[in-house]
Amino acid sequence: MPQATTQSKYTTVSIPVTLHDRIEKMIIKKSGFKSVSDYVTYVLREVVAMHETKDVPEPFTSTDVEEIKARLKALGYL
Amino acid sequence: MSLSPHGGRLISVGTFVSSPEKSKELAENSTVNVSNETRVQMFNISTGILSPLTGFIGKADYENVLDNMRLSDDTPWTIPILLHVPESFSAGGGDEITLVDDLGKAVGVLEFEELFSISKKEYAKKVFGTEDGAHPGVAKTMASSDRVVAGKLKSVIRFDKGNFENFTLSPKETRVLFKEKGWKDVIAFQTRNAPHIGHEYVQKTGLAFADGIFINPVLGRKKSGDFTDEVILDTYQVLVKNYYPKNSVVLSVLHYEMQYAGPKEAIMHAIMRKNFGCTHIAIGRDHAGVGSYYGPYAAHEIFKEFPDLGIQAVFFREFFYCNKCAGIANEKICPHPESDRLTFSGTKLRKMFLSGETPPKEFMRPEVSQIILKSKTPFIE
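Residue numbers (my numbering), protein chains in the order written: chain A, 1 to 78; chain B, 79 to 459.
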């Protein structure tokens with residue numbers, strides 16, 4: 001379980017020390033990230049967003065679609 | 079399946095029709111007068127343009143947006159959407175608030191959640207990056223109340239789009255439209271100007287890789303010297319008709335009041351276009367900037383902070399006409415000195431039009447220039 005710190009704005013998760021060291025070496029060489037935490041946060045946000053947006057259903061029903069198409073046709077968009 | 083709306087769901091708020099019975103019913107609630115800008119925000123919340131917001135944000139979201147550029151659930155968000163109320167306003171949990179326009183007509187119903195105070199100086203510093211009262215966004219912030227109400231919009235009255243009803247599409251409509259056209263990659267182009275050749279070049283460069291372009295001019299209060307809404311729409315219509323392949327463009331307006339918050343506003347522009355179903359957005363030089371408050375490419379840099387934004391920004395350097403290249407170029411591809419370049423300066427254009435002069439065709443399409451020259455009031459005074 002993650003442990004909450006500093007008014008619950010940040011929490012701690014465990015990663016292997018070897019991975020931490022690898023990331024640390026990499027970010028020293030390549031600028032852009034201030035810390036391992038910044039890097040991990042960036043990567044996780046990217047990955048999580050990818051999973052969250054997979055196979056998202058259309059935000060409208062088939063009835064909506066027919067009504068919308070009729071308006072779009074009337075306006076000359078279709 | 080489609081591109082996910084921001085925050086995972088497209089918001090839709092019901093509308094109500096103004097009637098004596100409804101007015102009587104709503105008269106029992108406490109009321110808040112709302113500005114035209116707030117009405118526009120209500121419209122944008124109700125149609126899902128500002129998804130995942132369901133209303134005006136609360137304190138936790140507000141603080142997180144200012145400090146971390148994210149809502150409290152970690153969704154990227156850079157400018158708070160607030161409902162300012164007078165100092166004397168009070169309400170209790172679960173109360174309904176009737177939102178009324180300048181004439182006292184009910185335009186929306188809000189479910190009260192929270193009343194809190196903000197520091198306007200902190201807001202100015204964190205959103206606009208300056209406390210300078212000469213910045214139009216800062217000036218507006220400092221003139222507003224520091225008390226704000228958070229709550230969910232329960233219903234809104236139908237928003238009057240004036241002459242632009244037929245060019246106003248909701249995110250649901252654009253999503254259906256893109257699908258019907260068979261477009262998968264759609265690049266959005268945000269503008270508050272009549273198009274010159276530089277704009278056209280950016281749009282067509284985007285169109286070279288995308289299936290279609292969504293040209294989405296901003297209509298609403300802007301600053302003095304900007305083109306009027308009518309001129310912007312008329313000039314785009316003539317440009318698309320004469321210079322774009324059929325079925326490659328959707329031209330629809332965005333009702334929205336510019337904040338001139340530069341990079342932070344660029345992120346909001348991207349979020350709104352993601353909700354319309356766009357996969358990409360063109361970001362040019364000094365996007366949403368004003369004066370010299372932001373670096374020319376600050377709006378490019380900020381996108382690096384958001385790997386989870388869900389819409390891809392496509393960055394463009396400034397285009398110009400190069401006499402030696404004999405065509406449109408930018409600093410990345412043109413080796414010639416500035417003396418060979420004709421830059422697309424808005425100030426220069428304005429001066430030419432105000433003196434009745436037609437800009438050279440290397441600067442602006444003649445059909446576009448003619449519309450501006452024929453307009454009695456092409457610029458906001």
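Note that the Cβ used here is the ideal one computed from N, Cα and C, for glycine as well.
Would a check of beta-carbon distances place residue i closer than 8 Å to chain A?
i	result
B:LEU188	no
B:ASN244	yes
B:LYS204	no
B:VAL227	no
B:GLU191	no
B:ARG236	no
B:VAL112	no
B:ASP386	yes
B:GLY86	yes
B:LEU255	yes
B:PRO83	yes
Suppose the cutoff is 8 Å on Cβ atoms and the five residues either side in sequence are ignored; what does the same chain contact list for residue i look like?
i	result
B:VAL112	MET120, LEU161, LEU177, VAL178, ASP179, VAL185, GLY186
B:PHE394	VAL280, THR283, ALA360, ILE361, GLY362, ARG363, ASN408
B:ASN107	ASP173, GLU174, ILE175, THR176, VAL187
B:TYR372	GLY207, GLY340, PRO341, ASP364
B:PRO460	Past the boundaries of the shown model lies residue 460 of chain B; chain B is included only from 79 to 459, so the question cannot be answered.
B:GLU192	GLY136, LYS137, VAL227, ALA228, GLY229
B:PHE194	GLY136, LYS137, TYR140, ARG225, VAL226, ALA228
B:VAL118	PHE237, GLY298, HIS333, TYR334, GLU335
So if DSSP puts residue i in a beta bridge, which residue, or which two residues, is it bridged to?
i	result
B:PHE206	Paired residue(s): none; B:PHE206 is not in a bridge.
B:THR116	DSSP lists no partner for B:THR116.
A:ALA70	Note: A:ALA70 sits in no beta bridge, so no partner.
B:TYR140	Per DSSP, none; premise fails for B:TYR140.
B:SER108	B:ILE175
B:HIS162	B:VAL226
Ignore the nearest five residues each way along the sequence and tell me which others in residue i's own chain have a CB closer than 7 Å to its CB.
i	result
B:LEU149	ASP139, ASN142, VAL143, TRP155
B:ILE389	ALA348, ARG351, LYS352, CYS356, THR357, HIS358, ILE359
B:GLU209	LYS199, ALA202, LYS203, VAL216
B:ALA272	PHE305, VAL309, ILE310, THR313, VAL446, ILE450
B:SER97	none
Would residue i be called buried (16 or more neighbouring beta carbons within 10 Å of its own) or exposed?
i	result
A:VAL43	exposed
B:SER82	buried
B:LYS300	buried
B:VAL331	buried
B:LEU88	buried
A:MET50	exposed
B:PRO444	exposed
B:GLY276	buried
B:VAL95	exposed
B:GLY170	exposed
B:GLY434	exposed
A:TYR77	buried
A:ARG22	exposed
A:MET26	exposed
B:GLU416	exposed
B:ALA377	buried
A:LEU19	exposed
Pick out whichever of the options has its Cα sitting closest to the Cα of residue i.
i	options	result
A:THR53	B:HIS84, B:GLU243, B:PHE206, B:LYS199	B:HIS84
B:ASP224	B:SER166, B:GLY290, B:PHE354	B:SER166
B:SER101	B:GLY182, B:ILE159, B:LEU131	B:GLY182
B:ASP307	B:THR455, B:SER96, B:VAL110, B:ASN114	B:THR455
B:ILE411	B:ARG87, B:TYR399, B:PHE422	B:TYR399
B:ARG236	B:PRO437, B:PRO415, B:THR93	B:THR93
B:PHE287	B:TYR334, B:ARG270, B:ALA266	B:ALA266
B:PHE256	B:GLY405, B:MET147, B:GLY369, B:VAL328	B:VAL328
B:GLN448	B:LEU128, B:ASP145, B:LEU432	B:LEU432
B:HIS274	B:GLY240, B:PHE397, B:ALA377	B:PHE397
B:ARG239	B:GLU278, B:VAL296, B:LYS426, B:ILE159	Arg is not the amino acid found at residue 239 of chain B; the sequence shown has Lys there. Comparing Cα positions, the closest option is B:VAL296.
A:LEU79	B:THR246, B:LYS382, B:ALA344, B:GLY303	Residue 79 of chain A is absent from the structure shown; chain A starts at 1 and stops at 78.
B:LYS250	A:GLU58, A:ALA74, A:LEU75	A:GLU58
B:ASN146	B:ILE196, B:GLU383, B:ILE293, B:GLY303	B:GLU383
B:ASN325	B:GLU258, B:GLU278, B:GLU189, B:PRO413	B:GLU258
A:GLY32	B:ALA105, B:HIS414, B:GLU379, B:PRO164	B:GLU379
B:SER90	A:PHE60, A:LYS69, A:GLU66, A:ALA70	A:PHE60
B:PRO164	B:PRO130, B:LYS218, B:THR109	B:THR109
A:THR41	B:ASP152, B:PHE134, B:THR116, B:PHE457	B:ASP152
Can you find the residues in the same chain that come closer than 6 Å, C-beta to C-beta, to residue i, ignoring five residues on each side of it along the sequence?
i	result
B:SER248	THR125
B:GLY367	GLY340
B:VAL318	VAL327, LEU329
B:ASN122	LEU128
B:LYS232	VAL187, GLU189
B:PHE381	ALA391
B:THR269	PRO295
Measuring only between beta-carbons, confirm whether residue i sits less than 8 Å from chain B.
i	result
A:ARG22	no
A:TYR42	yes
A:ASP38	no
A:THR53	yes
Does chain C have any CB closer than 8 Å to the CB of residue i?
i	result
B:ARG351	Judged by its chain identifiers, the structure shown contains no chain C, and its protein chains are A and B.
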